[in-house]
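Q: Can you keep this structure in mind? I'll have questions shortly.
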């Protein structure tokens with residue numbers, strides 16, 4: 001009995017395929033090759049998603065099979081990742097704040113912009129920011145005194161804060177001066193006011209001016225040092241007398257260096273402002289122990305400046 005009979009038509013097609021396809025005769029179909037390929041594809045393991053393995057590890061989902069075909073290295077790697085996730089979750093639940101700080105630090109290492117603490121760090125680079133910290137600038141700001149608030153209100157009324165972009169709707173709010181940027185703006189406005197009103201300088205109390213001058217310089221910045229030296233020159237106060245008693249003399253580049261060509265008629269209001277405003281804001285060098293009488297004289301001079309400006 002004949003179970004299968006080959007059709008003449010199919011034989012012709014097979015013969016035609018052999019003649020036109022050269023690969024056919026070199027690589028004849030092998031049933032064993034097909035079977036091996038099929039078996040290998042069936043044996044390839046289905047890898048679990050990492051999220052599913054984590055859920056199984058913490059007990060959110062029952063463990064299922066599917067890892068039998070994985071190599072030992074793959075299993076170890078996945079186990080390590082799951083344990084890291086478990087540890088991170090535990091740490092975050094116990095104290096989430098350090099975790100956030102850790103991520104912020106890692107973000108900086110990955111190329112995110114570094115946080116800056118001052119305008120010098122943003123525009124002048126890290127080197128400038130470090131030099132400012134080494135110079136001993138005050139970072140903890142004191143509350144503004146009554147004298148400073150009166151002075152700021154007066155400057156505000158005269159338009160010296162028109163360019164203060166940190167004032168919302170250009171309205172005076174002393175809460176905006178509780179940072180270094182706001183305090184620096186007060187100092188800049190005071191210096192500009194001094195340049196615009198030089199005629200007031202000769203009317204200020206000589207007694208208060210001398211108390212401030214005898215004490216020394218409010219900081220190591222030359223923009224404050226030389227105005228203080230000019231004040232001492234006007235009152236004929238010897239530089240070595242002041243500098244020898246100064247706690248900052250070892251780190252000052254201008255110790256015992258005087259100025260020339262200064263007389264009482266040369267008193268400048270801008271020099272006075274560059275000295276007294278630091279004492280009034282309590283932003284002198286942190287190593288300086290400013291006597292109360294010196295700070296009081298600075299505040300009184302600030303008060304005199306406002307009154308004289310209103311009457312002259």
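In the numbering used here, the protein residues as written are 1 to 312. Backbone N, C-alpha and C fix where the C-beta goes; we use that ideal spot for every residue, glycine too.
Near residue 203, which residues of its chain fall below 7 angstroms by C-beta distance, leaving aside the five closest residues on each side in sequence?
A: As a working mapping, residue 203 is identified with position 203 in the chain shown. The residues are 308.
Q: Does the Cβ of residue 174 have 16 or more other Cβ atoms within 10 Å, making it buried, or fewer, making it exposed?
A: The count along the chain shown starts at 1 and reaches residue 174 at position 174. Answer is exposed; the Cβ neighbour count stays below 16.
Q: Can you give the Cα-Cα distance for residue 221 and residue 144, rounded to whole angstroms?
A: By 1-based counting over the chain shown, the position of residue 221 is 221. By 1-based counting over the chain shown, the position of residue 144 is 144. Rounded to whole angstroms, residue 221 to residue 144 spans 22 angstroms at the Cα level.
Q: Taking its Cβ as the centre, do 16 or more other Cβ atoms sit within 10 Å of residue 183, making it buried, or is it exposed?
A: Here the question's residue 183 lines up with position 183 in the chain shown. Buried is the call here.
Q: Given a cut-off of 8 angstroms on the beta-carbon distance, is the pair residue 205 and residue 234 in contact?
A: The residue you call residue 205 lines up with position 205 of the chain shown. The residue you call residue 234 lines up with position 234 of the chain shown. It is not a contact, given that the beta carbons lie outside the stated cut-off.
Q: Could you give the distance in angstroms between the alpha-carbon of residue 167 and the alpha-carbon of residue 176?
A: For the purposes of this step, residue 167 is taken as the residue at position 167 of the chain shown. For the purposes of this step, residue 176 is taken as the residue at position 176 of the chain shown. Their backbone Cα atoms lie some 7 angstroms apart in a straight line.
Q: With a CB to CB cut of under 6 angstroms and the five nearest residues on each side skipped, what residues in its chain are close to residue 75?
A: Here the question's residue 75 lines up with position 75 in the chain shown. Once the five neighbours on either side are set aside, residue 75 has no close Cβ partner at all.
Q: Taking the alpha-carbon positions, what's the residue 108 to residue 232 distance?
A: Here residue 108 is taken as the residue at index 108 of the chain shown, counted from 1. Here residue 232 is taken as the residue at index 232 of the chain shown, counted from 1. In this prediction, residue 108 has a pLDDT of 47, which is less than 50 and means its spatial position is unreliable; nothing more can be read from the coordinates.
Q: Please classify residue 227: does DSSP put it in a helix, a strand, or coil?
A: As a first step, residue 227 is located in the chain shown; it is residue number 227 there, counting from the start. Helix, per DSSP.
Q: Runs of 4 residues minimum, wholly inside the stretch 174-258: which ones carry the alpha helix (DSSP H) assignment?
A: Listed in chain order, the complete alpha helix (DSSP H) runs (minimum 4 residues) inside the stretch 174-258 are 180-196, 206-215, 222-234 and 239-243.
Q: Taking its Cβ as the centre, do 16 or more other Cβ atoms sit within 10 Å of residue 284, making it buried, or is it exposed?
A: The count along the chain shown starts at 1 and reaches residue 284 at position 284. It counts as buried.
Q: So the candidates are 191, 240, 142 and 201; which of them puts its Cα closest to the Cα of residue 161?
A: Mapped onto the chain shown, residue 161 falls at position 161. Nearest C-alpha to residue 161: 191.
Q: Shortest alpha-carbon distance to residue 294 belongs to which of 83, 305, 282 and 286?
A: Taking the chain shown and counting its residues from 1, the one referred to as residue 294 is at position 294. For residue 294, the nearest C-alpha among the options comes from 282.
Q: Let me know if residue 271 comes out buried or exposed under the rule of 16 or more other beta-carbons within 10 Å of its beta-carbon.
A: On the chain shown, residue 271 is found 271 positions in, with the first residue counted as 1. Counting Cβ neighbours within 10 Å, residue 271 comes out buried, since at least 16 surround it.
Q: In chain order, what residues of the same chain have a beta carbon less than 8 angstroms from the beta carbon of residue 246, not counting five sequence neighbours either side?
A: Taking the first residue of the chain shown as position 1, residue 246 is located at position 246. Contacts found: 216, 217, 252 and 255.
Q: Take residue 186 as the anchor and find which of 277, 171, 260 and 201 has the nearest alpha-carbon.
A: In the chain shown, counting from the first residue as 1, residue 186 sits at position 186. When each option's Cα is compared against that of residue 186, the closest is 277.
Q: For the alpha helix (DSSP H) that contains residue 166, what are its first and last residues?
A: For the purposes of this step, residue 166 is identified with residue 166 of the chain shown, where counting begins at 1. Taken as a continuous stretch (DSSP letters only), residue 166 belongs to no alpha helix (DSSP H), as it is neither H nor E.
Q: Exposed or buried, residue 219, counting other C-beta atoms within 10 Å across all chains shown (16 or more means buried)?
A: Position 219 of the chain shown, counted from the start, is the residue given in the question as residue 219. The residue in question, residue 219, is buried, as its Cβ has 16 or more Cβ neighbours within 10 Å.
Q: Throw me the rounded Cβ distance for the residue 280 and residue 148 pair, which I believe falls under 8 angstroms.
A: Working through the chain shown from its first residue, we reach residue 280 at position 280. Working through the chain shown from its first residue, we reach residue 148 at position 148. Between residue 148 and residue 280 the Cβ distance is about 5 angstroms, and since that is below 8 angstroms, they are a contact.
Q: DSSP three-state call for residue 282: helix, strand or coil?
A: Here the question's residue 282 lines up with position 282 in the chain shown. Correct three-state label for residue 282: coil.
Q: With burial defined as no fewer than 16 other Cβ atoms inside 10 Å of the residue's Cβ, what is the status of residue 310: buried or exposed?
A: Working through the chain shown from its first residue, we reach residue 310 at position 310. Exposed.
Q: Rounding to the nearest angstrom, what Cα-Cα distance links residue 306 and residue 91 in this structure?
A: Taking the first residue of the chain shown as position 1, residue 306 is located at position 306. Taking the first residue of the chain shown as position 1, residue 91 is located at position 91. Looking at the two C-alpha atoms, the distance is approximately 58 angstroms.
Q: Can you give the Cα-Cα distance for residue 213 and residue 188, rounded to whole angstroms?
A: Here residue 213 is taken as the residue at index 213 of the chain shown, counted from 1. Here residue 188 is taken as the residue at index 188 of the chain shown, counted from 1. The straight-line gap from Cα to Cα measures roughly 21 angstroms.
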